[in-house]
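Here is the structure we will look at.
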Amino acid sequence: MAAMNTPTLPALSRTEVHAADLDFQLAYRIRSGKTPSIVFIHGLGCSQDSFAHVFSLREFQDRSLLIFDLPGFGHSSRPESFCYSMPDLARVTLALLDALQLHDVHLVGHSMGGAVAVLLARDLGSRLVSLTSVEGNHLGSDCSLSREIARVSYDAFTKRMFPVLDTLMSESEKGYFILERASAQALYECSRSLVTWSDRGSLMQDFLAMDRQRFYVYGQKNSGLETVARLQDHVPMASIAGSSHFPMNQNPTAFYRALHSFLAPLDS
1 MAAMNTPTLP ALSRTEVHAA DLDFQLAYRI RSGKTPSIVF IHGLGCSQDS
51 FAHVFSLREF QDRSLLIFDL PGFGHSSRPE SFCYSMPDLA RVTLALLDAL
101 QLHDVHLVGH SMGGAVAVLL ARDLGSRLVS LTSVEGNHLG SDCSLSREIA
151 RVSYDAFTKR MFPVLDTLMS ESEKGYFILE RASAQALYEC SRSLVTWSDR
201 GSLMQDFLAM DRQRFYVYGQ KNSGLETVAR LQDHVPMASI AGSSHFPMNQ
251 NPTAFYRALH SFLAPLDS
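The opening position of the sequence shown corresponds to residue 1 in the working numbering, with each subsequent residue numbered one higher.
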């Protein structure tokens with residue numbers, strides 16, 4: 001794997017999509033190239049910047065790549081009338097893929113983005129080639145920050161928790177959240193929906209039952225996760241040395257080496 005360089009990013013673009021009975025302005029960066037396209041879905045309180053490193057790698061330079069901001073995060077719109085549920089985030093993502101005319105795709109979802117990816121897989125059908133979960137939410141035990149948020153009222157969250165939210169994060173990880181670009185409503189409603197869906201266990205069931213290639217990536221420091229134990233005999237996995245919940249940022253060289261090794265045989 002080539003050494004990491006400062007990413008040379010495609011221009012930030014915006015497009016309007018219609019989903020869940022609403023119009024959204026979604027911010028994204030795309031590079032045309034070899035398909036299937038690799039589509040990255042960020043986590044709670046994050047943005048497309050979580051995966052910006054991919055544009056600097058020689059091994060991915062000929063690939064069609066998409067990073068984007070979910071509604072309520074980054075530079076995308078944040079409509080107050082949107083419910084910010086996991087299924088509706090999946091519908092918005094599907095609308096974006098359709099608008100950009102991306103047909104066959106590899107999905108890569110981090111944390112909350114992993115939950116969105118599993119739900120999106122249902123609607124993609126044969127368009128989905130593979131799904132990579134980067135410590136995605138599959139079980140109730142995968143909820144940490146989201147559960148802290150969901151257990152309080154919206155009023156308490158906006159007045160007392162949101163202004164000091166970074167104090168709930170570990171020092172090693174808080175720099176990877178981009179809370180100044182996240183709406184309080186999106187954080188709160190996404191957290192409630194994410195906890196509900198994770199507690200059901202259906203995200204794990206759907207991931208295990210998927211008839212497409214799957215891959216699970218986790219930080220070495222999080223090897224004790226319940227999800228790791230549940231998946232280790234069923235799904236190819238990679239442990240990323242020296243990292244915790246943000247392996248693509250804490251050790252991008254090892255993370256993208258593992259991702260490339262998984263994807264390369266699928267496209268041959």
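Note that CB positions come from ideal geometry on N, CA and C, so glycine has one too. Source: prediction; values computed, not measured.
Per-residue DSSP class, three states only, for residue i
i	result
Phe73	coil
Leu165	helix
Gln101	coil
Ser153	coil
Thr8	coil
Leu65	strand
Spatial neighbours of residue i in its chain, beta-carbon cut-off 8 Å, leaving aside the 5 residues before and after
i	result
Ser13	Ala27, Tyr28, Arg29, Ile30
Alpha carbon of residue i to alpha carbon of residue j, nearest angstrom
i	j	result
Asn251	Arg122	31 Å
Leu120	Ser81	21 Å
Met112	Glu189	12 Å
Leu57	His42	19 Å
Ala264	Lys159	48 Å
Gly45	Gln205	25 Å
Ile67	Val217	18 Å
Asp71	Ala229	For the sequence presented, residue 71 should be read as Pro rather than Asp. Approximately 32 Å between the Cα atoms of the pair.
Ser76	Gln25	6 Å
Ala3	Thr253	Caution is warranted here: a pLDDT of 48 is assigned to Ala3, below 50, making its placement in the model unreliable, and no coordinate value can be reported.
Beta-carbon proximity list for residue i, same chain, < 6 Å, skipping 5 on both sides
i	result
Phe255	Ile240, Pro247, Met248
Ser244	Gly219, Lys221, Asn222
Pro79	Leu22
Gly242	Asn251
Lys174	Asp166
Sub-8 Å separation of residue i and residue j beta-carbons
i	j	result
Val17	Val105	no
Ser202	Met86	no
Leu179	Asp166	yes
Thr35	Leu139	no
Met210	Leu94	no
His234	Glu59	no
Residues near residue i in its chain [Cβ-Cβ closer than 7 Å; skip 5 each side]
i	result
Val116	Ile41, Met86, Leu89, Ala90, Thr93, Gly109
Asp49	Ile178
Asp142	Ser198, Thr227
Ser183	Gly72, Arg78
Hey, is the segment 83-101 in contact with the segment 47-56, meaning 3+ C-beta pairs nearer than 8 Å? no
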